[in-house]
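Residue 1 is where the sequence shown starts when you use this note's numbering, and the numbers rise one by one after that. One structure is given here, and the rest of the page talks about it.
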Amino acid sequence: MNLQKTLIALALTGMSLVSLSAQAHKPWLLPSSTQVEAGRDGNAWVTVDAAISEGLFDIDHQPLKLDGIDITGPDGAKLAPENVNNGKLRNTFDLKLVKTGTYKIALVSQSVFGSYKDKEGNVKRFRGTEESLAKDVPADASEVKLSRTESRLETFVSNGDASKEVLKPTGKGLELVAVTHPTELRAGEKATFRFLLDGKPAANQGVSLIPGGVKYRGTLGEIRKTTDANGELTLVLPAAGAYMVSSSWPAAAPQAPGQPPQMPPRRATYAAIVDILPE
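The following block contains the structure:
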């Protein structure tokens, strides 16, 4: 509730959704390593932290629910997390990497929120899913306004040599197609990312690259780029460390004075946690 009040207050001062995105609490999935090698038993392991925080990768707010976590192996097989632990500020789980190649860990969600007037003329607000929509909005409601959000949060881990099977897009929502493999990013080298919206190039799409550890720097350190007509952007990778690559569609609409930002009928967001390795 305090966060909601803060966002509304900031909106009323004329700040855009773009600037808010750099300040709001962020969900993240952070693997202990994005490149691993098998041990003596032939298996490799990673531990994944899952949380929502104000400072990126800081454990300062609340755990990220792991309901619906989707883990895909190099061969396309679905895997289950092991040793799941639910904490006060973060959740964690282990992942056993038996096969060589790249694994994708993802949380994908869809939600519907909006408002309506009841038969007495009172404005009611709600947040739910497509399945709960009929229950959330009464049949006699009027002036119904809906906004649908599709969110995708991902991270990638390679056991030995990287592979590309898990990098194939689904054609739904906002997605990253990593032209440069996400577990083979190195500081000082160029990397190219391609963004798709419903399987088509997301042209003129704003993309943000934010490093963790802001509490030690005192500045956000955000890098912002815009995709070209093919939905691609190329940049020279900054210093080594863990980063979040994120984007949202559509761009923020112009804001009316004294009013909160307008919510579009549909919104899609994407975020990936990647490691940039030393040169």
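Ideal placement from N, C-alpha and C gives every residue a C-beta, glycine not left out.
The beta carbons of isoleucine 210 and tryptophan 28 sit no closer together than 8 Å.
Per DSSP, lysine 215 lies in no beta strand (DSSP E); the unbroken alpha helix (DSSP H) holding it starts and ends at 214-217. Taking 8 Å as the upper bound for CB-CB distance, tyrosine 116 and valine 144 are in contact here, some 4 Å apart. Taken through DSSP and simplified to helix, strand or coil, glutamate 232 comes out as strand. Closest by C-alpha distance to leucine 133, out of Val112, Val46, Ala38, Ala256, is Val112. Excluding five sequence positions before and after threonine 155, the CB atoms of its chain that fall closer than 6 Å to its own CB belong to Leu29, Pro31, Ile105, Ile273, given in chain order. Under the DSSP assignment, alanine 242 falls in the beta strand (DSSP E) whose first and last residues are 241-249. The alpha carbon of threonine 192 has as its nearest neighbour, out of Tyr216, Pro169, Lys225, Gly218, the alpha carbon of Lys225. By the Cβ criterion, the stretch 232-249 is in contact with the stretch 178-190, since at least three pairs of Cβ atoms, one from each stretch, lie closer than 8 Å. The three-state secondary structure of lysine 88, taken from DSSP, is coil. Beta-bridge pairing by DSSP links valine 46 to Leu95.
In the three-state reduction of the DSSP assignment, alanine 134 falls in the helix class.
Per the coordinates, the alpha-carbon of leucine 176 lies some 10 Å from the alpha-carbon of leucine 153. By the neighbour-count definition (other C-beta atoms within 10 Å, threshold 16), aspartate 67 is an exposed residue.
DSSP places leucine 209 in the strand class (E or B) of the three-state scheme.
The beta carbon of tyrosine 243 is closer than 8 Å to those of Leu209, Ile210, Pro211, Gly212, Ile273, Val274, Asp275, Ile276 in its chain, skipping five residues each way along the sequence. By the Cβ rule, the stretch 40-54 counts as touching the stretch 84-94, because three or more pairs are nearer than 8 Å. Fully enclosed beta strand (DSSP E) runs of no fewer than 3 residues occupy 123-128, 142-159 of the stretch 103-162, in order along the chain. With a contact defined as Cβ atoms closer than 8 Å, methionine 263 and serine 109 miss out at about 17 Å.
Counting the other CB atoms within 10 Å of its CB gives proline 74 a total of 16 or more, which places it among the buried residues. Valine 36 carries a strand assignment under DSSP once its states are collapsed to helix, strand and coil.
The Cβ atoms of valine 207 and valine 179 lie no closer than 8 Å to each other. Between glutamate 130 and the set Ala271, Arg266, Pro63, Lys124, the nearest pair of CA atoms involves Arg266. By the beta-carbon neighbour count (other beta carbons within 10 angstroms, threshold 16), glycine 218 is exposed.
A direct Cα-Cα distance of roughly 52 Å separates lysine 124 from threonine 100. Scanning Val84, Phe57, Lys96 for the CA closest to the CA of glycine 39 turns up Lys96.
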